[in-house]
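Chemist: Got a structure here, written out as structure tokens. Questions coming.
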DNA sequence: TATTAATTTGTAACAATTACAAATTTGAAA
DNA sequence: TTTCAAATTTGTAATTGTTACAAATTAATA
Ligand SMILES: [Mn+2]
Ligand SMILES: [Mn+2]
Ligand SMILES: [Zn+2]
Ligand SMILES: [Zn+2]
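Following this line, the structure appears as structure tokens:
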């Protein structure tokens, strides 16, 4: 995903039924630029210098809003941290339990046939794997 | 999975390097019998009548221990509840957002080829889908 | 400009989890 | 058995992530 201008972000939010505001644009911009699956805290800390009155509640509210309007997805890998991702395309996540990095990987669960679920309505698909990344494996001397 | 006797549970725990104790056996028995992916609270509430001194901390500790020794897996679907599953075989979870039921489905992510992850060490695999179950779809008149 | 609606903010409340030290239980060793 | 140390459990307090909510601010509309 290429960097979006402020106007492109405003249009993108609007296309998804979300009115633009400075916090919303900045949060979306951060999410779109930093494809590291940041937590609420990371986003809040990164933006609070520039948006000096930003409230953590606003970050929570805005991310909820983004998820509801399919501008972002919530990424759950650990029971104590919710991460967020502006990439709403179908893909999986690999988290390295050594360096905590969350990698993307190509995998589309929605295109897999799952006979057991016949008859149910499937809304959102999630795939994640935990392990140790190549880099960390090599660093163990 | 068929119901296990207390002795079978003791052996099973032992085989996984976990010493048996009354709370451990009871918690495992509950998990193994109730394949509903219960939360800590559900387990605690279900057992506290019989184990009148049971502490919630013990339930947390014991479930952590079970997960560490691969006697159970943690099932994360919502950001505000950790569920547990004595079925450690590879399978996916479908949660109905109407009735909150968590269904199992046959799917083995570990047997899927994921070229993007070449070189990383993959430890545990998780697949879940949210939607509305057949039953709930039919109940909408 | 005046009025209303939407958004943001700050604080307090809440819920899930963890830390920790005391109490209890277990299980060898004497 | 009794003794003693280790393991386990317990209860409480602390911590963390999140949500509720009302006041303040900002934006939109008349
Ligand atoms: Mn991603
Ligand atoms: Mn299951
Ligand atoms: Zn790593
Ligand atoms: Zn249902």
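Chains as they are written, first to last, in my numbering: chain A, 1 to 141; chain B, 1001 to 1141.
Note that CB positions come from ideal geometry on N, CA and C, so glycine has one too.
1. Could you give the uninterrupted runs of the alpha helix (DSSP H) lying entirely in the stretch 31-88 of chain A, keeping only those of 4 residues or more?
2. In angstroms, rounded to a whole number, what distance separates the CA positions of residue 1119 (chain B) and residue 131 (chain A)?
3. Relative to the C-alpha of residue 964 (chain B), which candidate in B:1033, B:1126, B:1026 has its C-alpha closest?
4. Round the Cβ separation of residue 1047 (chain B) and residue 1060 (chain B) to the nearest angstrom and send it over; I've been treating them as touching at under 8 Å.
5. Tell me where the beta strand (DSSP E) around residue 18 (chain A) begins and ends.
6. Which residue from A:81, A:123, A:77 puts its Cα closest to that of residue 1097 (chain B)?
7. Would you call the stretch 6-16 of chain A and the stretch 56-72 of chain A in contact, with 3 or more CB pairs under 8 Å?
8. In chain B, which residues lie with their C-beta within 9 Å of the C-beta of residue 129 (chain A)?
9. Given that residue 1133 (chain B) touches chain A, what residues does it touch there, using C-beta distances under 7 Å?
10. Relative to the alpha-carbon of residue 978 (chain B), which residue among B:1113, B:1099, B:1103, B:1109 has its alpha-carbon at the smallest distance?
11. Contact criterion: CB-CB distance below 9 Å. Does residue 1096 (chain B) meet it with respect to chain A?
12. Along the stretch 1065-1084 of chain B, where does the CB come closer than 7 Å to a CB of chain A? Name the residues.
13. Can you tell me which residues fall inside 7 Å of ligand 4, judged by beta-carbon distance to its nearest heavy atom, and keep chain order?
14. Contact between the stretch 107-117 of chain A and the stretch 1107-1121 of chain B: three or more CB pairs below 8 Å?
15. Using a Cβ-Cβ cut-off of 6 Å (strictly less than) and excluding sequence neighbours within five positions of residue 36 (chain A), which residues of its own chain qualify?
16. Which chain B residues are close to residue 31 (chain A), counting only those with a beta carbon under 7 Å from its beta carbon?
17. My output table needs one value for residue 127 (chain A): the three-state DSSP class, helix, strand or coil.
18. According to DSSP, is residue 134 (chain A) part of a helix, a strand, or is it coil?
19. Count the other C-beta atoms from every protein chain shown that fall within 10 angstroms of the C-beta of residue 1033 (chain B), then say buried if there are 16 or more, exposed otherwise.
Modeler: In short, the structure shows the following:
1. Runs of the alpha helix (DSSP H) inside the stretch 31-88 of chain A: 40-47, 56-68.
2. The residue given as residue 1119 (chain B) occupies position 119 in the second chain. The residue given as residue 131 (chain A) occupies position 131 in the first chain. Those two C-alpha atoms are separated by around 11 Å.
3. Within the shown structure, residues of chain B are numbered from 1001 to 1141, placing residue 964 (chain B) beyond reach of any answer.
4. Counting from 1 along the second chain, the entry for residue 1047 (chain B) is found at position 47. Counting from 1 along the second chain, the entry for residue 1060 (chain B) is found at position 60. The pair is not a contact, with the Cβ atoms about 13 Å apart (cut-off 8 Å).
5. As a first step, residue 18 (chain A) is located in the first chain; it is residue number 18 there, counting from the start. Neither: residue 18 (chain A) is in no beta strand (DSSP E) and is coded neither H nor E.
6. On the second chain, residue 1097 (chain B) is found 97 positions in, with the first residue counted as 1. Considering only alpha carbons, the answer is A:123.
7. With the cut-off at 8 Å, the stretch 6-16 of chain A and the stretch 56-72 of chain A touch.
8. Translated into the one-based positions of the first chain, residue 129 (chain A) becomes position 129. By Cβ distance, chain B contributes 1109, 1110, 1114, 1117, 1120, 1122, 1123, 1124, 1125, 1126.
9. By one-based count along the second chain, residue 1133 (chain B) stands at place 133. By Cβ distance, chain A contributes 120.
10. No information on residue 978 (chain B) is available, as it lies outside the stretch 1001 to 1141 that chain B covers here.
11. By 1-based counting over the second chain, the position of residue 1096 (chain B) is 96. Chain A, which has a Cβ nearer than 9 Å to the Cβ of residue 1096 (chain B), makes this yes.
12. Sequence-ordered contacts of the stretch 1065-1084 of chain B with chain A read 1074, 1076, 1079, 1082 [C-beta pairs closer than 7 Å].
13. That query returns the following residues: B:1096, B:1098, B:1099, B:1101, B:1132, B:1133, B:1135, B:1136.
14. In short, these stretches touch, since the Cβ pair count reaches three.
15. Translated into positions along the first chain, residue 36 (chain A) becomes position 36. None.
16. In the first chain, the residue the question calls residue 31 (chain A) occupies position 31. Chain B residues near residue 31 (chain A): none, gap ~17 Å exceeds 7 Å.
17. For the purposes of this step, residue 127 (chain A) is taken as residue 127 along the first chain, with counting starting at 1. Strand at residue 127 (chain A).
18. What you label residue 134 (chain A) is simply residue 134 of the first chain in a count that begins at 1. The three-state reading of DSSP puts residue 134 (chain A) in helix, counting H, G and I together.
19. Residue 1033 (chain B) sits at position 33 when you count from the first residue of the second chain. By the 16-neighbour rule on beta-carbons within 10 angstroms, residue 1033 (chain B) is exposed.
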